[in-house]
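Numbering (full-length UniProt numbering), first residue to last: 1 to 242.
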Amino acid sequence: MQVLRAPTSRCTASRATPAGARRTVAVKAQIKLYTNPGSRGKITEWYLAELNVPHELVFLDMRKGEHKTPAFLAINPFGKVPAMTDGDLPLFESGAILLHLANKYGKLSADELGTAAQWTLFANSTLSDAFFNDRQRPTQMPVMLRTLNDILSKKLYLTGDSFSVSDIAVGSYLLYLPLFFPDLDLTAHPAVWDYMQRIAERPTCPAPYKEALAEAMEAAARRQGASGGAGGGMMSKLFGKR
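So this is what it looks like as structure tokens:
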């Protein structure tokens, strides 16, 4: 198991020395996110960064079976990532993790919790199937994009004028599209296209999303007669260039 700390994962506290001076000591992060570069863990990584919550990233090597160890199966009995521990609380499923974090850190009122759950469940079921189920994609992807385009033509973000956990959930799947379908022309849905660029500009947006969208923008510019170049590929974006 390879353990890496996120930029915000180290908390510090001051402790008095006998002489009255103060020294800084490391405090262990309460939250551990178990993930893998090619998983939906990027969604939960993004939200933790957005909240600026101290956390530790634990990257599991699936080829070595680290997701099937007794220690990890105690967190997620199904052996899937992402999964998270928040103190003594184990959680799995990216949507559950998002909603737990939003609720814990005071981002949702009672009514907003329902709306956030609506969009999170939609993202992980209806939208995911429409994009990545081979049988559904030909008919359902256009429906999803048209409907989201209509919604986003009336507001900056899914729930209004402010970026929220709903945008993390749905926006992540939209930003997957240039990764998995680099030839897809999303400019046919201008409100969705603008929204994707808007959320990708956030400093906390994961690098693979930003890079894939940048290439999609270059491709769109070339289609419109502008010059530019794109390279790379999905695997190198997810796992890094070798």
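The beta-carbon is built from N, C-alpha and C at its ideal position, and this holds for glycine as well.
In the three-state DSSP reduction, residue 78 falls in the coil class, being neither helix nor strand.
In the DSSP assignment, residue 100 falls within the alpha helix (DSSP H) that extends over 94-104. Contact annotation: residue 165 and residue 107 have beta-carbon atoms nearer than 8 Å.
Residue environment analysis places residue 50 among the buried positions, since at least 16 neighbouring C-beta atoms fall within 10 angstroms of its C-beta. Straight through space, the alpha carbons of residue 70 and residue 142 are spaced by roughly 43 Å.
In the DSSP annotation of this structure, residue 56 is not part of any alpha helix (DSSP H); the continuous beta strand (DSSP E) holding it starts and ends at 55-59. By the neighbour-count definition (other C-beta atoms within 10 Å, threshold 16), residue 78 is an exposed residue. In the same chain as residue 174, and ignoring 5 residues on each side of it, the C-beta atoms closer than 7 Å to its own belong to 192, 196, in chain order.
Per DSSP, reduced to three states, the secondary structure at residue 158 is coil, with no helix or strand assignment. In this chain, the beta strand (DSSP E) harbouring residue 85 covers 83-86. If you draw a 10 Å sphere on the C-beta of residue 120, you find 16 or more other C-beta atoms in it, and that means buried. Put simply, of 104, 36, 202, 186 the residue whose alpha carbon is nearest the alpha carbon of residue 216 is 186.
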